[in-house]
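J.: Numbering follows UniProt numbering, in which position 55 of the sequence shown is assigned residue number 55; successive positions increment by one, without gaps.
Glycine included, each C-beta is placed from N, C-alpha and C at the ideal position.
Once you've had a glance at the structure underneath, I'll fire off some questions.
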Amino acid sequence: MDKRKVIAAYRRGMINVQECAQILGIDIGQISRLVNDPYLAVDPQLRQNKQSVNG
Numbered sequence: 001m002d003k004r005k006v007i008a009a010y011r012r013g014m015i016n017v018q019e020c021a022q023i024l025g026i027d028i029g030q031i032s033r034l035v036n037d038p039y040l041a042v043d044p045q046l047r048q049n050k051q052s053v054n055g
C-alpha cells in the first residue's frame, strides 16, 4: 500500500497512530517523522504538475 494513502487515512482519522505504524511496518517512534514529512504530505499529481520558479 502507498505510504501517502496510509498517512492520509491517519490524518483523516480513519485509523489511529498504532494502526498506521503497523500498516507501514514501522514503530511508533518513526511514525511522527513520516507524518510530518512534507514530501509525503503533497498529492503526487500536484507535485508533478508544479512548475519550477526558475523554468
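Identify, in the order they occur along the chain, each residue of the same chain with its Cβ nearer than 8 angstroms to the Cβ of residue 26, setting aside the five sequence neighbours on each side.
T.: Along the sequence shown, read from residue 1 onward, the residue named residue 26 stands at position 26. Same-chain partners within the cutoff: 34.
J.: Consider the Cβ of residue 39: report whether some Cβ of chain B lies at a distance smaller than 8 angstroms.
T.: Reference to chain B is not applicable here, since this structure consists of a single protein chain.
J.: Whole angstroms are fine: how far does the CA of residue 20 sit from the CA of residue 5?
T.: The residue labelled residue 5 in the question sits at position 5 within the sequence shown. The residue labelled residue 20 in the question sits at position 20 within the sequence shown. Residue 5 and residue 20: Cα-Cα distance of roughly 10 angstroms.
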